[in-house]
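>
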Amino acid sequence: MQGVSCVNSRGAFYLFPNIEGTGLRSAKFCERLLEQSKVAAVPGIAFGADNNFRISYATSMENIQNGMDRLETFCKSL
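If you're matching positions, the sequence shown starts at -19 in my numbering and goes up one per residue.
(1) When the Cβ atoms of the segment 13 to 20 are set against those of the segment -19 to -11, are three or more pairs found closer than 8 Å?
(2) What residues are listed by DSSP as bridge partners for Phe35?
(3) How long is the line joining the alpha carbons of Thr2 and Phe9, rounded to whole angstroms?
(4) Cβ atoms of Asn31 and Ile(-1): under 8 Å apart, would you say?
(5) Whose C-beta lies closer than 8 Å to the C-beta of Ile25 among residues of the same chain, with five residues either side of it excluded?
(6) Quick one: residues in its chain with C-beta nearer than 6 Å to the C-beta of Phe96, no 5 flanking neighbours on either side, listed in chain order?
(7) How many angstroms separate the CA atom of Thr39 from the CA atom of Lys56?
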């Protein structure tokens, strides 16, 4: 995904993607992601990592695919 990288999760149902390549800090990234794409995420600054955001995948595969499609479209628009 353009501007985003992520390591595999090891047992949790969260991902903590790095968004350094987008040029946005985590709070602004999450705010715009919610406003523009209707995808909720937690800014990484809450966990001491302003170049990341946290997102849960504890939902159906259909919802995960829909959310990832929206996230990808959002990232391409940056």
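Ideal placement from N, C-alpha and C gives every residue a C-beta, glycine not left out. Nothing here was measured: the structure is a model prediction, and the numbers come from that model.
Taking the coordinates as given:
(1) no
(2) Residue identity differs from the one stated: residue 35 is Ile in this sequence, not Phe. Leu(-5).
(3) 8 Å
(4) yes
(5) Excluding residues within five positions, the ones whose Cβ falls inside 8 Å are Arg5, Ser6 and Ala7.
(6) Only positions -19 to 58 of the chain appear in the structure, and residue 96 is not among them; the question remains open.
(7) 24 Å
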